[in-house]
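Peer 1: Using the numbering used here, the first residue of the sequence shown is number 1, and each one after it goes up by one.
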Amino acid sequence: MKREQAYRDATALADARKAAFLSSALAAKARVAPARLKQDARDKTTETLLDGTAYAAAKVRQRPAATAAAVGALALYLMRRPLGSLFQRLYVRIRNRTEDSGD
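(1) Write down the C-beta distance between R36 and A27 rounded to the nearest angstrom, noting that I regard them as a contact closer than 8 Å.
(2) Report the residue ranges of all alpha helix (DSSP H) runs contained in full by the stretch 3-58; include only those spanning at least 4 residues, in chain order.
(3) Measure the beta-carbon distance from T67 to V60 and round it to whole angstroms, keeping in mind my assumption that it falls under 8 Å.
(4) Specify, as a first and last residue, the run of the alpha helix (DSSP H) that T98 falls within.
(5) How many angstroms separate the CA atom of L50 from the CA atom of D43?
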């Protein structure tokens, strides 16, 4: 009778371990599913953007003048070609001013 009880206990233990293994295998499979990985990447990206936005807003509140200067410098850099062509046209107009002769 002792051997039969040991066999039953061993069988029950093997079934329990098999169920635990299958459960963890299914959990791992669900964790590496493409949809889950995609959602995790989206969540991480959103979290990072929100943290960066909060950090930038805090820095703007700390140094508003420096922020305004940096934004102005960036705007001038981005508008350098249109501004350059505008000033070049104005310079040419001022330099080559011809007086209309009233005949």
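Even glycine gets a Cβ: it sits at the ideal position worked out from N, Cα and C.
Peer 2: In this structure, then:
(1) Here residue 36 corresponds to residue number 36 of the sequence shown, with the count starting at 1. Here residue 27 corresponds to residue number 27 of the sequence shown, with the count starting at 1. Contact doesn't hold; Cβ gap of about 11 Å is too wide.
(2) none
(3) Your numbering for residue 67 matches position 67 in the sequence shown. Your numbering for residue 60 matches position 60 in the sequence shown. T67 to V60, Cβ: 5 Å. Contact.
(4) For this step, residue 98 is matched to residue 98 along the sequence shown. Looking at the DSSP string, T98 is not in any alpha helix (DSSP H), and its letter there is neither H nor E.
(5) Translated into positions along the sequence shown, residue 50 becomes position 50. Translated into positions along the sequence shown, residue 43 becomes position 43. Taking the straight line joining both Cα atoms gives about 11 Å.
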